[in-house]
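Shown next, in structure tokens, is the structure this report addresses.
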Amino acid sequence: MVNKKALITGASSGIGLEFVRALSKEYDITLVSNEKDKLNKIVNELVGNHKFIYADLTDFKDIKRICDEISNKNYNLVINNAGMGIYGDFAETPIDKLNEVITINCNAIMMISHSFLKKAKPGDSLIIVSSAIVFLPSSNGPIYVSTKAFNSLLGQCLWHKQRKRGVYVMTLHPGVTNTGFFNKSGVNKLPPKSIMQSSEEVVKIAVRELNKRKKPIVVTGIKNKFFIFLTRFLPRKTIINFMERF
């Protein structure tokens with residue numbers, strides 16, 4: 020039996036790596052990341068026909084390479100997981116850094132999704148990893164939150180259109196997840212462990228919903244769903260002031 024083919028960005032750690040582990044028996048996976056040593060080690064440890072592509076998705080040339088890869092192959096699943104965040108004062112953050120976040124979080128996801136959906140067939144799937152923070156905006160990370168809101172809305176719009184031709188689009192909204200993201204993004208104060216999920220928990224929920232192929236939005240975890248439910252009844256000012264603590 021020939022495996023289906025999947026391409027996963029941000030595949031060398033965190034949620035991306037857990038997707039690789041969860042799907043490696045069912046799919047031949049192309050792992051995409053800017054961490055070459057990790058990619059090589061992961062592929063050597065996996066059983067099956069897997070490969071990696073080293074790419075920096077803050078660079079438009081590398082984004083184009085991944086788009087060409089998708090255009091020239093018949094992938095059944097693409098998971099747009101790669102992303103980055105910068106926390107701190109908006110006006111004091113160098114504009115080049117802000118543009119890097121927009122490039123990887125918005126341009127790369129848009130371009131890769133476009134390349135995939137141009138040739139996607141009935142039964143194929145696209146996952147865009149957003150964040151539960153789009154429902155709980157924090158003034159400490161305005162560019163990150165804004166780009167994740169773009170991801171969320173893009174995915175929802177694509178879901179409605181693509182389902183008519185049998186292609187499933189999921190927008191995944193993890194809550195606070197125990198990965199290396201916070202250290203890389205410059206967060207000084209880590210969220211309490213009581214509200215954190217593991218990458219394994221997030222991916223388990225995502226894969227379950229991927230198999231069902233129904234929901235446009237997947238929010239992981241009861242606590243995250245509860246907090247998001249509460250936001251329906253609170254003024255935006257109250258929510259933003261509350262999130263200022265984190």
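Those letters in the sequence shown? Residues 20 to 265, by the numbering used here. All residues carry an ideal CB built from backbone N, CA and C; glycine is no exception.
Could you give the uninterrupted runs of the alpha helix (DSSP H) lying entirely in the stretch 217–249, keeping only those of 4 residues or more?
As far as the stretch 217–249 is concerned, its whole alpha helix (DSSP H) runs of at least 4 residues are 218–231 and 241–249.
Do you know whose CA, among I128, L26 and I241, lies nearest L173's CA?
Ranking the options by Cα distance to L173, first place goes to I128.
Which same chain residues, not among the five before or five after S204, have their C-beta less than 8 angstroms away from its C-beta?
Below a pLDDT of 50, predicted positions are generally treated as unreliable, and S204, at 48, falls in that range; no measurement from the model is reported.
Find the nearest neighbour of G171 within the set M189, Q181, R184 and D47, judged by alpha-carbon distance.
In the sequence on display, residue 171 carries Ser and not Gly. Of the listed residues, the one whose Cα sits closest to S171 is M189.
Whose C-beta lies closer than 7 angstroms to the C-beta of V120 among residues of the same chain, with five residues either side of it excluded?
Excluding residues within five positions, the ones whose Cβ falls inside 7 angstroms are M103, G104, I105, I162, Y163 and T166.
Run through DSSP, which three-state label would T166 get?
T166: helix per DSSP, three-state reduction.
On the three-state DSSP scale, how would you describe T77?
Coil at T77, not helix or strand.
Within 10 angstroms of its Cβ, does P113 collect 16 or more other Cβ (buried), or is it exposed?
Exposed, since its Cβ has fewer than 16 Cβ neighbours within 10 Å.
May I ask you to list the residues that DSSP assigns as paired with S144?
S144 pairs with L96 and Y187.
Could one say the Cβ of K57 lies closer than 8 angstroms to chain C's Cβ atoms, at least one of them?
Although the question refers to chain C, the structure presented lacks it and comprises just one protein chain.
Report yes if the CB atom of I85 is closer than 8 angstroms to the CB atom of I131, and no otherwise.
Against a cut-off of 8 angstroms, the Cβ pair of I131 and I85 comes out as a contact.
If you compare alpha carbons, which of K242, D47, G185 and K55 is closest to S32?
It is K55 whose Cα lies nearest to the Cα of S32.
How is L50 classed by DSSP in three states: helix, strand or coil?
Strand, per DSSP.
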